[in-house]
Amino acid sequence: ESMCHVEVMENLMGIRWTKLLVNATFSGMSACLGCTFGDILDNPKAMDCVKHIANETIKLGKAANIKMEPMHGFDLGGLLSFETKAEMDSKDPIYNKMWGPHRKLKASMLQDLEKGRKTEIGAINGVVCDFGDKYGIETPVNDQVVEIVRGIESGKYNYVFENLDLFNVPEVK
């Protein structure tokens, strides 16, 4: 008797990298800005940060020869990557479809900050930054997320939406 559908996967690194992509985007920004996923979805600059976080993570997965696995039927690596501003801007409906149902949620990293605990930022966005160093690929927005969350942990910053002003979003042509 089975309780649920079980699927055996062989590409464990691909599954982990896809999960990393999901966590790095909205969890990192929710922690930085002290907000819900919906607050991020509703703000164009916050969404530009999310898109860059995703794109940096996808590029590094490719550099490391990691084949990302689909999540809930979505090929996130293919759907969220971009090279041009037009491609970047076209991603909004995808993010709204995927994260819209979770608008009221806030990241567990933010919940850790609210309770005065250290976060797992090093194991999420920090991993992306480490891979960037290893492969010589810049990760400017992931770097900023790590710096801001560590700054919140140390008392340098508060977890407030105004932290969005600390982000320098790379220009895409």
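So the mapping is simple: our numbering equals the position in the sequence shown, first residue as 1, plus 8.
Don't be surprised by glycine CBs; every beta carbon is placed ideally from N, CA and C.
In this text, all values refer to a predicted model and were calculated from it rather than measured experimentally.
Where Phe169 sits in the DSSP three-state scheme: By one-based count along the sequence shown, residue 169 stands at place 161. In this structure, Phe169 counts as helix in the three-state DSSP scheme.
Completely contained alpha helix (DSSP H) runs for the stretch 98-172, where each covers 4 or more residues: Scanning the stretch 98-172 from its first residue to its last, the whole alpha helix (DSSP H) runs of 4-plus residues come out as 100-107, 116-122, 133-143, 148-162.
Do you know how far the Cα of Ala72 is from the Cα of Val136? Taking the first residue of the sequence shown as 1, we reach residue 136 at position 128. Taking the first residue of the sequence shown as 1, we reach residue 72 at position 64. Rounded to whole angstroms, Val136 to Ala72 spans 11 angstroms at the Cα level.
By the three-class DSSP mapping on this structure, what secondary structure does Met11 have? Here residue 11 refers to the residue found at position 3 of the sequence shown. Note: Met11 maps to coil in three-state DSSP.
Count the C-beta pairs between the stretch 113-129 and the stretch 18-29 that are closer than 8 angstroms, then say yes if the count reaches three, no if not. no
Are the stretch 143-156 and the stretch 73-82 touching by the rule of at least three beta carbon pairs closer than 8 angstroms? no
Applying the 10 Å Cβ sphere with the 16-neighbour rule, what's the burial state of Met11? Position 3 of the sequence shown, counted from the start, is the residue given in the question as residue 11. With fewer than 16 other Cβ atoms within 10 Å, it is exposed.
Which stretch, first to last residue, makes up the alpha helix (DSSP H) that contains Ile46? Position 38 of the sequence shown, counted from the first residue, corresponds to residue 46. What sits at residue 46 in the sequence shown is Gly, not Ile. Gly46 -> alpha helix (DSSP H) spans 45-49.
What are the residues that DSSP puts in a beta bridge with Met79? As a position in the sequence shown, residue 79 is number 71, starting the count at 1. DSSP lists Phe82 as partners of Met79.
How far does the alpha helix (DSSP H) with Leu68 in it reach, from first residue to last? On the sequence shown, residue 68 is found 60 positions in, with the first residue counted as 1. First-last of the alpha helix (DSSP H) with Leu68: 52-71.
C-alpha gap between Ser35 and Asp50, whole angstroms: Here residue 35 is taken as the residue at index 27 of the sequence shown, counted from 1. Here residue 50 is taken as the residue at index 42 of the sequence shown, counted from 1. Per the coordinates, the alpha-carbon of Ser35 lies some 15 angstroms from the alpha-carbon of Asp50.
For the alpha helix (DSSP H) that contains Thr26, what are its first and last residues? Taking the first residue of the sequence shown as 1, we reach residue 26 at position 18. Taken as a continuous stretch (DSSP letters only), the alpha helix (DSSP H) holding Thr26 covers 20-30.
Candidates Lys93, Ile66, Arg111, Glu155, of which the one nearest Ile23 by Cα: Taking the sequence shown and counting its residues from 1, one reaches residue 23 at position 15. Considering only alpha carbons, the answer is Ile66.
Provide the residue span of the alpha helix (DSSP H) that contains Leu174, from first to last. Taking the first residue of the sequence shown as 1, we reach residue 174 at position 166. From DSSP, Leu174 is part of no alpha helix (DSSP H); its letter is neither H nor E.
Backbone CA spacing between Trp172 and Glu18 [nearest angstrom]: Along the sequence shown, one-based indexing puts residue 172 at 164. Along the sequence shown, one-based indexing puts residue 18 at 10. The displayed chain sequence assigns Leu, not Trp, to residue 172. Cα to Cα, the separation comes out at about 39 angstroms.
Ignore the nearest five residues each way along the sequence and tell me which others in Gln152's own chain have a CB closer than 6 angstroms to its CB. Residue 152 sits at position 144 when you count from the first residue of the sequence shown. Cβ contact annotation for Gln152 (same chain, cutoff 6 angstroms, sequence separation greater than five): Phe175, in chain order.
In the structure shown, what three-state DSSP assignment does Gly42 receive? Within the sequence shown, residue 42 is the residue found at index 34, counting from 1. Three-state DSSP puts Gly42 in coil, outside helix and strand.
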